[in-house]
Amino acid sequence: MIRAEQLSFSIGDFQLRRLDLEVAPEQYFVLLGPPGSGKTILLECLCGLKRIQSGRIYIDGCDVASREPRSRDIGYVPQDYALFPHLSIERNIAFGLHVGGFDRRTTHDRVARTAQMLGIERMLKRSVKGLSGGERQRVALARALVLQPKVLLLDEPVCALDEATRQDVCAELHRIQRQFGVTTIHVSHNLEEVFSVADKAGILYQGQFQQVGSIDELLRKPRNEFVARFMRCENLLDGRVIRTDPQSETSTVQCGKVRLTVPGRHQGQIKLVIRPENVRLSTSKAQSNSINEIPVKLSAFRDCGNYVKMELRNGVKLVAHLSHSAFAELNLGPQSELIVQLRPEHIHVLPE
Amino acid sequence: MRKFMSLSNGSNCPIRGWRDRVFAAAGFFFVAVFVGFILLLLIADALYIDKKAVLSVLKSGFIRDALWLSIWTSFATSFISLLFAVPIGYSLSRFRFPGRVLVDAIVDLPVIFPPLVVGLTLLIFFSQTFLGRWIQGDLGVEFVFQRKGIVICQFVSAASLAIRSSITAFDEVDRRFEHVALTLGCTQWGSFRRISLPLALNGIVAGGILTWARAFGLFGPLLIFVGSFRGRTEVISTTVFLEQSVGHLEVALAVAMLMIVVAVIALTTIRLFGGRARVKS
Numbered sequence: 003m004i005r006a007e008q009l010s011f012s013i014g015d016f017q018l019r020r021l022d023l024e025v026a027p028e029q030y031f032v033l034l035g036p037p038g039s040g041k042t043i044l045l046e047c048l049c050g051l052k053r054i055q056s057g058r059i060y061i062d063g064c065d066v067a068s069r070e071p072r073s074r075d076i077g078y079v080p081q082d083y084a085l086f087p088h089l090s091i092e093r094n095i096a097f098g099l100h101v102g103g104f105d106r107r108t109t110h111d112r113v114a115r116t117a118q119m120l121g122i123e124r125m126l127k128r129s130v131k132g133l134s135g136g137e138r139q140r141v142a143l144a145r146a147l148v149l150q151p152k153v154l155l156l157d158e159p160v161c162a163l164d165e166a167t168r169q170d171v172c173a174e175l176h177r178i179q180r181q182f183g184v185t186t187i188h189v190s191h192n193l194e195e196v197f198s199v200a201d202k203a204g205i206l207y208q209g210q211f212q213q214v215g216s217i218d219e220l221l222r223k224p225r226n227e228f229v230a231r232f233m234r235c236e237n238l239l240d241g242r243v244i245r246t247d248p249q250s251e252t253s254t255v256q257c258g259k260v261r262l263t264v265p266g267r268h269q270g271q272i273k274l275v276i277r278p279e280n281v282r283l284s285t286s287k288a289q290s291n292s293i294n295e296i297p298v299k300l301s302a303f304r305d306c307g308n309y310v311k312m313e314l315r316n317g318v319k320l321v322a323h324l325s326h327s328a329f330a331e332l333n334l335g336p337q338s339e340l341i342v343q344l345r346p347e348h349i350h351v352l353p354e
Numbered sequence: 203m204r205k206f207m208s209l210s211n212g213s214n215c216p217i218r219g220w221r222d223r224v225f226a227a228a229g230f231f232f233v234a235v236f237v238g239f240i241l242l243l244l245i246a247d248a249l250y251i252d253k254k255a256v257l258s259v260l261k262s263g264f265i266r267d268a269l270w271l272s273i274w275t276s277f278a279t280s281f282i283s284l285l286f287a288v289p290i291g292y293s294l295s296r297f298r299f300p301g302r303v304l305v306d307a308i309v310d311l312p313v314i315f316p317p318l319v320v321g322l323t324l325l326i327f328f329s330q331t332f333l334g335r336w337i338q339g340d341l342g343v344e345f346v347f348q349r350k351g352i353v354i355c356q357f358v359s360a361a362s363l364a365i366r367s368s369i370t371a372f373d374e375v376d377r378r379f380e381h382v383a384l385t386l387g388c389t390q391w392g393s394f395r396r397i398s399l400p401l402a403l404n405g406i407v408a409g410g411i412l413t414w415a416r417a418f419g420l421f422g423p424l425l426i427f428v429g430s431f432r433g434r435t436e437v438i439s440t441t442v443f444l445e446q447s448v449g450h451l452e453v454a455l456a457v458a459m460l461m462i463v464v465a466v467i468a469l470t471t472i473r474l475f476g477g478r479a480r481v482k483s
């Protein structure tokens, strides 16, 4: 387990401000954020490569903030893996064991076992030059894991890979993490990686956590506009509460020309978040009165590979994501008239 | 096989169309002019050389002594320069401190000194200043017009080359290698010894070669600081000057050719060792 309390660090104009972070034992935590948000700096602070200005870092209950990197029991895999080019794969993996003074037999056994678990046992004698991105990653992981660290820190471990192999490698990373049972923090700016590996994620922006939680929480209950946009929620509507119903615990909100019923009691100006995949489309009215219905016109659509992105307008602008089959069933053309159906529980009101 | 592969990779420069050919030809034109000019100079010397003069040079005990003095002092200078170059190079490459820019400039200063100025400066320091007189007098370590002075003179003139190469070599080593080594159990010294130094070694060796070449051929500062006393402080480069100044042009030329042969042998040997280290790594 790793826990950071009130961690502060500054360099130039940039600063990490009183960050709190807790990753449970054997949990896979993904540290998300746009480039320049401080993800790599936070990782370097955790493993001791940057000296924090204040705060505490606990690993399995021990405060390691004042310890050198070598005494923190942390495995670190930087971007591009930083494999030592003057050493063979075997000597790269065995590096930490050699430094630690392990005897030859133990070193050999542990290198062989780790290499086998990562599927690289046949390439141990080779040079690190000429390895593919995936192979380099495995060697870097083996080099970190052979020392059996308590925490594994991965800095954008799949950013050097192509889109097609990234998903597979992420799945492999998750398998390896489970196999070794090591608490892991994985830095990324790519949302797809979160879905593939994360038990929990945190979104960092300008040196501060915007939100930490499960993937479901980040997707469906973003804490602020930045998180909503980062999680690719394209429907952010400004509205004004015109009525609250204490019995049903709902509020009626006026968004432009449209009235929506949203869960909870609110007042004044609020911001609504609706995920594009929760926007349902129909050509006829629904039977239930509890569903918000908005007549709209299809203004544009685009094939995005896995889904079709549709832009809908009528007083408000909404974006919907439909599967190809659902889109084909609707048999739509430009300016087609549709009815958007929104369940109140699919509308999230941003906290003030 | 490895050599073949590296050759094929090295020559894997795509040349297509007449523009690429003209571009490549322009590059090779300058290579040919430079290499050709150097070879022409050597050939001219070789044609002019007198066999009797060569024999007399090879038989001369004084010249053998001067050659041997040049060889061991230049190797000693290279060794001492590298002893300084590695820690200075690492420190200037890795650490940021107030006045670093100034220190960096001072490191290069001896390279831009006119050669005679180096000799004159050393002479003034050791004969005119309190510290210099104390070293020579009270401490009893004499440099002026002594053999020890040859090494210190070569060191001041040539060490900057080794230091500059060392700084560049350490700059080219990605710091992330050191960071990873620190998380794998290394101390700063351990990451330097196991990672930075082996990765910077080729650049450091190259600096050592430059230093040796500069020290071996050094002439002006030595003439001023240690003089050219036959059998005592005469090195091979001052022999050329002395022979030429008394009208023995054939002997001077034969000594010069001897210097060139020794320099080529030494440089090739060092490069071979450097190359072997590279292949091994």
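These protein sequence lines map, in sequence, to chains A and B. FYI, the numbering for the first sequence is 3 to 354, going by our numbering. FYI, the numbering for the second sequence is 203 to 483, going by our numbering. Using N, Cα and C, we set each Cβ at its ideal position, and we do this for glycine too. Quantities reported herein were computed from a predicted structural model and do not represent experimental measurements.
Contact residues of the stretch 82–97 of chain A toward chain B are D82, A84, F86, P87, H88, F97 (C-beta to C-beta distance below 8 Å). A direct Cα-Cα distance of roughly 10 Å separates M3 of chain A from L154 of chain A.
Legend: CB atoms of the stretch 448–477 of chain B lying less than 8 Å from CB atoms of chain A are not found in any residue.
Close to C49 of chain A, with beta-carbon spacing below 8 Å, are these residues of chain B in chain order: T385. For F431 of chain B, no beta strand (DSSP E) encloses it, and the DSSP letter there is neither H nor E.
Within 10 angstroms of the beta-carbon of V453 of chain B lie 16 or more other beta-carbons, which makes it buried. Chain-order list of chain A residues neighbouring V382 of chain B: Y78, P80, A84, by C-beta distance under 7 Å. Taking 7 Å as the cut-off, the Cβ atoms of A456 of chain B and I406 of chain B do not count as close. Excluding sequence positions up to five before and after Q271 of chain A, its CB lies within less than 6 Å of the CB of R242, all in the same chain and listed in chain order. Proximity of the stretch 231–239 of chain B to the stretch 431–445 of chain B falls short of the contact definition, fewer than three beta-carbon pairs being nearer than 8 Å.
According to DSSP, residue pairing for C257 of chain A in a beta bridge involves A:V260.
Inclusion of A67 of chain A and R74 of chain A in the CB contact set at 7 Å is not warranted, their separation being larger than that value. Proximity of P300 of chain B to chain A, defined by a Cβ-Cβ separation below 7 Å, is not satisfied. Of the other Cβ atoms in all chains shown, fewer than 16 fall within 10 Å of the Cβ of V463 of chain B; this residue is therefore exposed.
Linking D22 of chain A to P312 of chain B through their CA atoms gives a straight-line distance of about 53 Å. Beta-bridge annotation (DSSP): K319 of chain A is paired with A:R315. The residues N294, in chain order, have a CB closer than 6 Å to that of L344 of chain A in the same chain once the five nearest residues on each side in sequence are set aside.
With contacts defined by Cβ atoms closer than 7 Å, E158 of chain A and V113 of chain A do not form a contacting pair. At a beta-carbon threshold of 7 Å, the residues of chain A lying near F379 of chain B are A84, F86, ordered along the chain. Close partners of R72 of chain A in chain B (Cβ separation under 8 Å): L384, T385, L386, G387, C388, T389. One Cα belongs to L85 of chain A, the other to I276 of chain A, and the distance between them is close to 44 Å. Under the Cβ criterion of 7 Å, V189 of chain A is not counted among the residues facing chain B. Note that the stretch 32–40 of chain A touches the stretch 191–203 of chain A; at least 3 beta-carbon pairs, one per stretch, sit closer than 8 Å. Within the stretch 406–439 of chain B, no residue has its Cβ closer than 8 Å to any Cβ of chain A.
Under the Cβ criterion of 7 Å, L304 of chain B is not counted among the residues facing chain A. Look at the stretch 241–291 of chain B and you find these whole runs of alpha helix (DSSP H), each 4 residues long or longer: 253–261.
If you check the CB distance, L269 of chain B and I438 of chain B come in under 7 Å.
Excluding five sequence positions before and after I337 of chain B, the CB atoms of its chain that fall closer than 8 Å to its own CB belong to F328, V343, F345, given in chain order.
For the stretch 71–101 of chain A, the continuous beta strand (DSSP E) assignments of 3+ residues that do not extend past its boundaries occur at 76–79, in sequence order. Fewer than three Cβ pairs drawn from the stretch 384–403 of chain B and the stretch 357–366 of chain B lie within less than 8 Å of each other, which leaves the two stretches out of contact. Of all C-beta pairs linking the stretch 325–336 of chain A to the stretch 246–262 of chain A, fewer than three are shorter than 8 Å, placing the two stretches out of contact.
Sequence-distant Cβ neighbours of I472 of chain B in its own chain, meaning closer than 6 Å and more than five residues away, are I411.
Looking at B:T470, B:L271, B:L399, B:V448, the one whose alpha-carbon comes closest to that of R296 of chain B is B:L399. The count of Cβ pairs closer than 8 Å, one atom from the stretch 118–138 of chain A and one from the stretch 100–109 of chain A, stays below three, leaving the stretches out of contact.
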